[in-house]
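Student:
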Amino acid sequence: MADSGLDAAYKEIRTRLDGEDATRLNLAQRLWIQYRDANCTAERELYAGGTAAPVVYLACLEVMTRARTRELLATYAVRLK
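In case it helps, UniProt numbering puts the sequence shown at residues 1 to 81.
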């Protein structure tokens, strides 16, 4: 699942950061999770009451989580070398 890939990338990056860099990443990640959940809930509610709602929600989580993993790896590539 996409969550395990994101968790692995986040943990690897976190081990390469210290001080304020680590604090900023931690805050950004917590806020991103809130955004992802709110965004996917909004998308799901477009199908409220229908059988597609949970599928839409899970697909949204998957897409956004994979995108976040790519974003983190690209942004912090300089620290992963």
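Using N, Cα and C, we set each Cβ at its ideal position, and we do this for glycine too.
Please read these numbers as outputs of a predicted model, since none were measured by experiment.
1. Compare the Cα-Cα distances from Asn39 to each of Val63, Leu73 and Arg70 and report the closest residue.
2. Look at Arg14 and Leu25 and say whether their C-beta atoms are less than 8 Å apart.
3. Would you kindly report the start and end of the unbroken alpha helix (DSSP H) that includes Ala42?
4. Residue range of the alpha helix (DSSP H) that Tyr10 falls in?
5. Looking at Thr65: is its Cβ nearer than 8 Å to the Cβ of Asp18?
Tutor: Let me lay it out:
1. Val63
2. In this structure, Leu25 lies closer than 8 Å to Arg14 by Cβ.
3. Gly19 to Glu45
4. Ala2 to Thr15 is the span of the alpha helix (DSSP H), which, as asked, contains Tyr10.
5. With contacts defined as CB atoms closer than 8 Å, Thr65 and Asp18 fail to qualify as a contacting pair.
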